[in-house]
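*Asks:* Plus 72 on top of the position in the sequence shown (first one is 1) and you've got this note's numbering.
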Amino acid sequence: MVFDLDEYALPVEYRRLGGTGLELSSIGLGCGNFGGIGSAPELFGRGENEAEAFAIMDRAAATGINFFDTAASYGGGRSESWIGNWRRKREAPVLLSTKVFWSVTGDPADQGLSRDRIVRELEGSLSRLQADRVEMYLTHEPDPETPIEETLRALDELVGAGKVGAIGVSNVDGEQLEEALAASDRHGLARFGWVQNEYSLLRREPERDVLPLCAREGLGFTPFSPLCGGWLTGKYTRSHAFPDDSRMALRGEPYSDLVNESTFRGLERFQAAAVERGVEPAELAIAWVSSHPQVTSVIVGPRRSEQLDAALNAVEIRLSEQERDELAELFA
Numbered sequence: 073m074v075f076d077l078d079e080y081a082l083p084v085e086y087r088r089l090g091g092t093g094l095e096l097s098s099i100g101l102g103c104g105n106f107g108g109i110g111s112a113p114e115l116f117g118r119g120e121n122e123a124e125a126f127a128i129m130d131r132a133a134a135t136g137i138n139f140f141d142t143a144a145s146y147g148g149g150r151s152e153s154w155i156g157n158w159r160r161k162r163e164a165p166v167l168l169s170t171k172v173f174w175s176v177t178g179d180p181a182d183q184g185l186s187r188d189r190i191v192r193e194l195e196g197s198l199s200r201l202q203a204d205r206v207e208m209y210l211t212h213e214p215d216p217e218t219p220i221e222e223t224l225r226a227l228d229e230l231v232g233a234g235k236v237g238a239i240g241v242s243n244v245d246g247e248q249l250e251e252a253l254a255a256s257d258r259h260g261l262a263r264f265g266w267v268q269n270e271y272s273l274l275r276r277e278p279e280r281d282v283l284p285l286c287a288r289e290g291l292g293f294t295p296f297s298p299l300c301g302g303w304l305t306g307k308y309t310r311s312h313a314f315p316d317d318s319r320m321a322l323r324g325e326p327y328s329d330l331v332n333e334s335t336f337r338g339l340e341r342f343q344a345a346a347v348e349r350g351v352e353p354a355e356l357a358i359a360w361v362s363s364h365p366q367v368t369s370v371i372v373g374p375r376r377s378e379q380l381d382a383a384l385n386a387v388e389i390r391l392s393e394q395e396r397d398e399l400a401e402l403f404a
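1. Confirm, please, whether the CB-CB distance from glycine 302 to glycine 104 is below 8 Å.
2. Check whether the stretch 128-148 touches the stretch 374-385, taking contact to mean three or more Cβ pairs, one atom from each stretch, closer than 8 Å.
3. Counting C-beta neighbours from all protein chains within 10 Å, is the total for lysine 161 16 or more, i.e. buried, or is it exposed?
4. Just checking my contact of glutamine 268 with leucine 210 at CB under 8 Å: how many whole Å lie between their CB atoms?
5. By the three-class DSSP mapping on this structure, what secondary structure does valine 231 have?
6. For glycine 292, I'd like the list of residues in its chain whose CB is within less than 6 Å of its CB, leaving aside the five on either flank, ordered along the chain.
7. In or out: proline 295 buried (at least 16 other Cβ within 10 Å) or exposed?
8. Could you please give the first and the last residue of the uninterrupted beta strand (DSSP E) stretch that includes alanine 238?
9. Do glutamate 207 and leucine 168 have their C-beta atoms closer together than 8 Å?
10. Tell me which residues share the same chain as leucine 330 and place their Cβ nearer than 7 Å to its Cβ, disregarding the 5 neighbours each side in the sequence.
11. Starting from glycine 246, trace the beta strand (DSSP E) both ways and give me its first and last residue.
12. Between which two residues does the beta strand (DSSP E) carrying leucine 167 extend?
13. Report all residues from its chain with a CB closer than 8 Å to the CB of arginine 396; omit the five preceding and five following residues, and keep chain order.
14. Residues in the same chain with beta-carbon distance under 8 Å from aspartate 78, minus the five sequence neighbours each way, listed in chain order, please.
15. For arginine 159, collect the residues of the same chain with a Cβ closer than 6 Å to its Cβ; drop the 5 residues on either side in sequence, then sort them by chain order.
16. Along the chain, where does the alpha helix (DSSP H) that runs through glutamate 352 open and close?
17. Look at phenylalanine 173 and aspartate 215 and say whether their C-beta atoms are less than 8 Å apart.
Printed below as a string of structure tokens:
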């Protein structure tokens, strides 16, 4: 199958990823639900099957999404493998992003960012992706057991070998990011070109230090979980149990702090604001993230191909800084 993008009126726009030279669609496809629910070993084999993953990737590519994000550990390697199978059968201009830290097998002893492990894990990722090179490679988590200089030297080596195009960093705070950038500058090593952290109306921690640092250093920002595990879609209410196939039912621990009266009051106000604008809550939530001037591409992780529509519709919603502030105040 060949995707002729000229046949489509593409809603997405393309934005430069910091100083990497890459241009990403303003919506990125998160592939963490392919063959599992993220990196959780107990959920390997859950999530979407390969046929469902193909349908989601087909829909994404047809609408101009050119940025697919995965990780070695997603679904115990299934996510990367299925993306590789899809790319072998399709001709689509897709930029691949994958990550290293967690174990592919679920072995807690096999994780981290040592030099040898990074080199070994990249070879595994390239094999599953059926690729000689990956455009974007990120550290998935900070590794307190490995000096940042060792990690950066390994990544620099892979960039120099042509196996990695650009390097990024995920799930870091401002202090960790600043330390890494300083180490790169001090030793003349490849620099992180962007940050990938959780960011949404219910998770605004990046505003405190990471986003200002990205602006100051010219880094891109590719936030994930703009819907905060489904909380900003309207599916969770105080009077109903969590749906069986929802993120809260399958892996709700990261969001357990949201189960309180304050959150539900904010959600009710937010849903009313969406109705007033004539849009779905999910569309407005994604638009709020995408409208931040530092955001390059918002990573969404649909469970079905039609769920991409909310993200694509969100691209059409333009929010001013004042409108973003007003929506944030709904949760104050």
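In this text, a Cβ means the ideal position worked out from N, Cα and C, and glycines have one as well.
Bear in mind that the values here come from a model prediction, so they are computed numbers and not experimental data.
*Replies:* The short version:
1. no
2. Yes: at least three Cβ pairs fall under 8 Å.
3. exposed
4. 6 Å
5. helix
6. Leu89, Gly90, Trp266 and Thr368
7. buried
8. 236-242
9. yes
10. Leu274 and Trp303
11. Unbroken run through glycine 246 is the alpha helix (DSSP H), 246-259; no beta strand (DSSP E).
12. 167-172
13. Beyond the five residues adjoining it in sequence on each side, arginine 396 comes within less than 8 Å, by CB distance, of Trp360, Ser363 and His364 in the same chain, given in chain order.
14. Bear in mind that the predicted position of aspartate 78 carries a pLDDT of just 47, short of 50, making it too unreliable to give a figure here.
15. none
16. It is not in any alpha helix (DSSP H) - glutamate 352 carries neither H nor E in the DSSP assignment.
17. Taking 8 Å as the Cβ cut-off, phenylalanine 173 and aspartate 215 qualify as a contacting pair.
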